[in-house]
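Enquirer: Chains as they are written, first to last, in this note's numbering: chain A, 2 to 539; chain B, 3 to 283.
Below: one structure in structure tokens.
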Amino acid sequence: MNREGAETYLRLLGESELREPLAPEVRQPWSGARSGGMARMMAVATALTAVGAVDTEAAEDILADFDLAVSVRRTGRPQPGQGAWPAGRPGPARLAAGRTLVRGVLRAWPARSTPGAARPPGGAQVPGGAQVPGGAQGAGGAQGAGGAGGGGDVAAGGGERSAGREQAGGAGGAAAGGERFVSVGVTVPFGHGELYLISFAHTRSGARFTVVWRMRDPYSPPRPGHARMPPVDEFSAIDDRGGRYRFQFAGRDNPEWTGRLSLHPEPPDDIRWIDICVPGGGETRVSLDPAAPGGAVAVVREVTVSPGEHLLSLLAVRLLTIAPEFPHDLRLQLAAVSPGPLSNAAAGLGDVIAALEAADVLSPLSPLPGRLAALCAGLRVSGHGITAPPARDLPEPWLSMLAHYQRRRPDDSSARDGSAPMAVDLPELDGVRLTLLALGNSEGSTMMSVLATGLGPDTGRGSSGADMHFPLSIWVRDNGGRWHATRPSGWNLADGEYAITLHMVPPLARSTSWIDVLAAGRTAEARVRLPLDWGYSP
Amino acid sequence: MPCGGGRHPVRWEAGSLLLPEHPDVEGELVLAALGGEKAGCVELAEAWQRHGADLSVLAIGPRHAADEIAVSWDDVVTTWPGSAGQPGRGGPAQHGPMRRPAAMPASMAALSARRQQMQQEHERAQRRTNDMLSLLALGYGFQARLGGQVAAAYAAEQADERTRPALVAAISGRLAPVVEDWIGLDPGQVVVSLHTGPGWGSVEMTGRGEERRLRVALPTGWLARVWACGLALTGRHLVVAVQRAGWPDARVLALRAPGAEPVELDVHGATGPGDATRWEA
Chain A
2 MNREGAETYL
12 RLLGESELRE
22 PLAPEVRQPW
32 SGARSGGMAR
42 MMAVATALTA
52 VGAVDTEAAE
62 DILADFDLAV
72 SVRRTGRPQP
82 GQGAWPAGRP
92 GPARLAAGRT
102 LVRGVLRAWP
112 ARSTPGAARP
122 PGGAQVPGGA
132 QVPGGAQGAG
142 GAQGAGGAGG
152 GGDVAAGGGE
162 RSAGREQAGG
172 AGGAAAGGER
182 FVSVGVTVPF
192 GHGELYLISF
202 AHTRSGARFT
212 VVWRMRDPYS
222 PPRPGHARMP
232 PVDEFSAIDD
242 RGGRYRFQFA
252 GRDNPEWTGR
262 LSLHPEPPDD
272 IRWIDICVPG
282 GGETRVSLDP
292 AAPGGAVAVV
302 REVTVSPGEH
312 LLSLLAVRLL
322 TIAPEFPHDL
332 RLQLAAVSPG
342 PLSNAAAGLG
352 DVIAALEAAD
362 VLSPLSPLPG
372 RLAALCAGLR
382 VSGHGITAPP
392 ARDLPEPWLS
402 MLAHYQRRRP
412 DDSSARDGSA
422 PMAVDLPELD
432 GVRLTLLALG
442 NSEGSTMMSV
452 LATGLGPDTG
462 RGSSGADMHF
472 PLSIWVRDNG
482 GRWHATRPSG
492 WNLADGEYAI
502 TLHMVPPLAR
512 STSWIDVLAA
522 GRTAEARVRL
532 PLDWGYSP
Chain B
3 MPCGGGRHPV
13 RWEAGSLLLP
23 EHPDVEGELV
33 LAALGGEKAG
43 CVELAEAWQR
53 HGADLSVLAI
63 GPRHAADEIA
73 VSWDDVVTTW
83 PGSAGQPGRG
93 GPAQHGPMRR
103 PAAMPASMAA
113 LSARRQQMQQ
123 EHERAQRRTN
133 DMLSLLALGY
143 GFQARLGGQV
153 AAAYAAEQAD
163 ERTRPALVAA
173 ISGRLAPVVE
183 DWIGLDPGQV
193 VVSLHTGPGW
203 GSVEMTGRGE
213 ERRLRVALPT
223 GWLARVWACG
233 LALTGRHLVV
243 AVQRAGWPDA
253 RVLALRAPGA
263 EPVELDVHGA
273 TGPGDATRWE
283 A
């Protein structure tokens with residue numbers, strides 16, 4: 002890695018920008034991102050810090066100096082009546098705050114905890130991490146097809162479900178460090194609705210269910226100040242040892258209440274079941290047996306991808322997930338107002354590629370720049386600055402996404418509302434450990450809830466609402482062979498764990514019976530096949 | 003510059019910043035330490051000293067005389083802490099009754115500490131920006147000389163991986179427009195590297211068409227001894243070194259064209275508008 006080359010490139014980019022005529026700064030209405038030179042500087046700085054080619058603090062200093070250099074040069078001639086600060090020029094407070102505006106925006110990817118191959122999750126119950134030859138057929142009937150998406154074997158497994166009020170939890174098991182993830186899929190009816198328990202997670206930040214509340218009708222008489230809130234305080238629980246618990250709920254109403262239902266106090270690690278007690282009487286038993294048969298098994302394959310290529314792949318995913326939300330016709334209509342988030346996401350790509358090459362983290366012979374150019378052409382995005390000619394071959398997932406995007410009327414109507422439990426612990430990739438908890442369809446969108454550890458502190462959204470700090474790509478291939486990309490759309494940090502919501506594009510149809518999940522880092526990728534039991538639908 | 007309700011002259015002479023209206027700066031500093039008010043001129047001199055080896059000066063300051071930086075003293079006074087409703091130097095604004103830290107839950111104490119840290123960072127950033135604005139408000143002549151002082155501070159020692167990127171960018175940003183005036187080459191086609199060791203460096207044209215590049219290797223001292231003195235393009239020559247410094251007459255080493263042997267030039271200087279220096283061969 003050539004860190005000196007990387008920093009030099011960033012600084013020379015700033016010099017080049019300062020030579021250009023400085024137009025008044027325009028804030029993008031979509032994301033608040035800045036246009037022009039600062040946008041290009043931010044794109045390059047974000048990329049170089051993500052791959053570790055430039056120290057975060059040094060990049061922040063460079064950006065802050067550039068920001069001030071531009072600010073003191075902007076059309077500085079005051080007009081009569083305008084005072085010392087003419088139009089287009091930042092005011093005094095903005096000049097003074099320039100250095101702090103970029104603080105905390107740039108982040109490096111987490112260092113791998115173990116150099117070399119990915120580590121499988123610990124715990125005897127889940128023999129993850131091994132490469133299983135052939136396609137094992139799970140008890141759930143899922144087909145073990147090999148080579149989903151080009152190479153690698155996939156092993157499948159599934160838990161069994163029994164009918165009736167006393168419903169057993171699905172697949173799950175113990176993971177590393179005494180943590181437990183259980184695929185539940187149990188509906189708890191109560192007087193004014195239903196509580197659907199999708200999955201259970203017990204980690205260092207506590208024990209909680211991922212849930213959906215469905216409130217069937219308004220209360221009679223209405224509860225003051227809580228017109229449609231779930232009656233969380235009226236629920237309680239008892240475990241297999243007589244321990245009693247109350248609940249706390251954190252989530253949002255869109256349109257149903259979805260979120261996390263936490264148990265308080267924290268239960269012991271090894272409770273086998275818990276009875277959920279509902280208002281007005283009645284109980285529903287939920288099995289959390291840690292000795293239950295193991296669930297889906299992830300297969301790990303070592304890969305060799307340069308940091309630059311991995312970053313460009315993440316940028317491609319970003320373009321692919323933004324594009325369907327801003328189709329070409331809409332972009333043409335809005336062009337007079339703003340280039341929009343898709344153009345913003347593509348802006349500076351040419352500079353990013355050049356910077357990565359200067360940092361020696363991207364080979365000049367890499368096919369990625371040409372593929373990105375082809376992708377931009379397919380999405381009809383211009384202004385990216387990529388000089389490599391568009392490639393003729395694109396990866397299968399990209400082609401699948403482009404085919405969806407280029408349909409005259411992309412059909413998302415089959416993404417009917419529903420939830421499916423997952424509870425799969427993936428092997429550690431590039432220092433990040435992911436646990437897939439649940440899938441949910443709502444209002445035509447598909448979201449995947451995951452838990453992540455190993456990310457840096459204060460990891461959050463990047464400079465343009467981007468997820469550059471999430472160093473893994475998560476792809477999903479459905480049983481129809483269609484690929485779906487994901488990008489983080491929500492973050493919540495507690496006790497070093499991130500609860501992340503991944504937005505899936507295009508959404509999954511409710512008819513999807515199984516999916517392959519492919520999580521890719523720089524040094525390894527993990528695949529797991531999961532049967533989907535859309536056990537809950539409104 | 004504004005100082006004590008009036009306006010005082012500030013002078014740069016023979017490498018030093020002078021305050022004619024403040025003959026006893028040390029005494030004024032002692033008084034200020036005892037609680038007295040510090041004069042604006044003295045604040046400025048301190049800012050000059052604080053940033054005399056700050057590479058950010060080269061990143062923010064002007065690249066040439068026509069690189070217009072319009073910062074007035076009104077801008078600087080507006081952004082100083084204590085003016086226009088900004089928090090004064092007495093400390094961050096407090097809202098509501100103070101609570102003893104011991105009474106706060108651990109999470110609240112951590113949040114309070116983090117907030118204080120952020121406030122301190124913000125104040126440091128604001129003070130740094132104020133310094134820069136006050137130095138920029140002095141005008142091009144002073145800005146160039148401060149840039150030269152910064153460059154001189156680094157010319158004496160071998161550049162390393164921490165300083166080379168900033169120095170290469172500083173030379174590149176100032177040399178590229180000169181090259182455009184010299185031989186009409188696009189600034190984007192100028193490639194700069196730091197020259198170390200004996201000799202003045204090198205200037206070489208390579209490639210053809212879109213790959214055409216002017217590859218220039220110059221020492222850090224070029225910024226201090228050539229650029230800061232306004233010598234970079236003199237008599238249609240690119241000046242690469244100073245052989246005999248002096249005012250108003252000096253002798254320099256200069257190139258008529260890329261790849262040519264450098265020649266000695268006797269040059270004569272005069273002060274132009276905005277304290278910019280103009281030289282004739």
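Virtual Cβ for every residue (Gly too), placed ideally from N, Cα, C.
Can you round the beta-carbon distance between H337/B and A41/B to whole angstroms, since I take them to be within the 8 Å contact cut?
Expert: The question about residue 337/B has no answer, for chain B in this structure spans 3 to 283.
Enquirer: How would you write the range of the beta strand (DSSP E) that T2/B sits in, first residue to last?
Expert: In the structure displayed, chain B extends from 3 to 283; residue 2/B sits before or after that span and is not available.
Enquirer: Below 9 Å between beta carbons: does that hold for H239/B and R217/B?
Expert: Going by C-beta atoms, H239/B is not nearer than 9 Å to R217/B.
Enquirer: How many angstroms separate the CA atom of P22/B from the CA atom of Q151/B?
Expert: Going from the Cα of P22/B to the Cα of Q151/B covers about 21 Å.
Enquirer: Let me know the secondary structure DSSP gives R12/A once reduced to three states.
Expert: Reduced to three states, the DSSP call for R12/A is helix.
Enquirer: Could you pull out every residue in the same chain whose Cβ sits closer than 6 Å to the Cβ of C5/B, ignoring the five residues on either side in sequence?
Expert: A41, G42 and C43.
Enquirer: Which first and last residues belong to the beta strand (DSSP E) in which A252/B is found?
Expert: Where A252/B is concerned, the enclosing beta strand (DSSP E) stretches over D251 to L257.
Enquirer: Short of 6 Å in beta carbon distance, which residues of its chain neighbour L321/A, apart from the five on each side in sequence? Order them along the chain.
Expert: Correct list, in chain order: M402 and A486.
Enquirer: What are the residues that DSSP puts in a beta bridge with E284/A?
Expert: E284/A pairs with C278/A.
Enquirer: For W229/B, which residues of its own chain have a beta-carbon under 6 Å away from its beta-carbon, when the five flanking residues on both sides are left out?
Expert: Cβ neighbours of W229/B beyond the five flanking positions: R176.
Enquirer: Anyone know if the C-beta pair for V287/A and D276/A falls short of 9 Å?
Expert: Yes, the Cβ-Cβ distance between V287/A and D276/A is below 9 Å.
Enquirer: Could you give the first and the last residue of the continuous beta strand (DSSP E) run that contains T502/A?
Expert: Residues E498 to V506.
Enquirer: Would you call the CB atoms of R41/A and E18/A closer than 9 Å?
Expert: Closer than 9 Å, so yes.
Enquirer: Can you tell me where the alpha helix (DSSP H) with P370/A in it begins and where it stops?
Expert: Here the alpha helix (DSSP H) through P370/A covers L369 to L380.
Enquirer: Taking DSSP as the reference, what is the three-state secondary structure of L235/B?
Expert: Looking at L235/B - three-state DSSP - the assignment turns out to be strand.
Enquirer: Expressed to the nearest angstrom, what Euclidean distance is found between the alpha-carbon atoms of A109/A and L233/B?
Expert: So the alpha carbons of these two residues sit roughly 43 Å apart.
Enquirer: Name the one or two DSSP bridge partners that R166/B has.
Expert: BP columns for R166/B are empty, so no partner.
Enquirer: Check distances from the C-beta atoms of the stretch 122–139 of chain B to those of chain A and list, in chain order, the residues that come in under 8 Å.
Expert: Residues passing the 8 Å Cβ filter: E123, H124, A127, Q128, R130, T131, N132, M134, L135 and L138.
Enquirer: What does the alpha-carbon distance come out to for the pair L363/A and E498/A?
Expert: In a straight line, the C-alpha of L363/A is about 31 Å away from that of E498/A.
Enquirer: Can you give me, in chain order, the residues of the stretch 150–182 of chain B that have a beta carbon less than 8 Å from any beta carbon in chain A?
Expert: So the list reads E163, R166, P167, A168, V170, A171, S174, G175, A178 and P179, given in the order they occur along the chain.
Enquirer: Nearest to F144/B by alpha carbon, out of L20/B, I185/B, A283/B and A252/B?
Expert: Answer by Cα proximity: L20/B.
Enquirer: May I ask you to list the residues that DSSP assigns as paired with L438/A?
Expert: The partner list for L438/A (beta bridge, DSSP) is empty, contrary to what the question assumes.
Enquirer: Looking at the structure shown, is R530/A part of a helix, part of a strand, or coil, going by DSSP?
Expert: It is a strand residue.
Enquirer: In whole angstroms, what separates the C-alpha of G351/A from that of R478/A?
Expert: Cα to Cα, G351/A sits roughly 30 Å from R478/A.
Enquirer: Taking Cβ-Cβ distances below 8 Å as the criterion, which residues of the stretch 52–73 of chain A are in contact with chain B?
Expert: The residues in question are D62, I63, A65, D66, F67, L69, A70 and V73.
Enquirer: Using a Cβ distance threshold of 8 Å, determine whether the stretch 414–429 of chain A contacts the stretch 377–396 of chain A, with at least three qualifying pairs required.
Expert: Short answer: they don't touch.
Enquirer: Does I206/A get closer than 9 Å to chain B when you measure Cβ to Cβ?
Expert: Note that residue 206/A corresponds to Ser in the displayed sequence, not to Ile. By this cut-off, S206/A is not an interface position.
Enquirer: On the DSSP letters alone, give me the boundaries of the beta strand (DSSP E) that A495/A sits inside.
Expert: Unbroken beta strand (DSSP E) run through A495/A: W484 to A495.
Enquirer: With Q407/A as the anchor, note down where its beta strand (DSSP E) starts and where it stops.
Expert: Looking at the DSSP string, Q407/A is not in any beta strand (DSSP E); the run it does join, the alpha helix (DSSP H), is E397 to Q407.
Enquirer: On a CA-only basis, which of A47/B, C231/B and H10/B is nearest D277/B? Give me that one, please.
Expert: Comparing Cα positions, the closest option is C231/B.
Enquirer: Just the Cα atoms here: how many angstroms apart are T502/A and R227/B?
Expert: Their Cα atoms are separated by approximately 58 Å.
Enquirer: Using the rule of at least 16 other Cβ atoms within 10 Å of the residue's Cβ for burial, across every protein chain shown, is S109/B buried or exposed?
Expert: When all chains shown are included, S109/B counts as exposed.
Enquirer: Nearest to V183/A by CA position, among M449/A, R381/A, R273/A and R20/A, is which residue?
Expert: Checked all of M449/A, R381/A, R273/A and R20/A; the closest Cα to V183/A is R273/A.
Enquirer: Using a Cβ-Cβ cut-off of 9 Å, state whether T447/A counts as contacting chain B.
Expert: So, not an interface residue.
Enquirer: Of all Cβ atoms in chain B, is any one closer than 9 Å to the Cβ of T211/A?
Expert: Chain B, which has no Cβ nearer than 9 Å to the Cβ of T211/A, makes this no.
Enquirer: Note down, in chain order, every chain B residue with its Cβ under 9 Å from the Cβ of S200/A.
Expert: Residues of chain B passing the Cβ test: none, with the nearest at roughly 27 Å.
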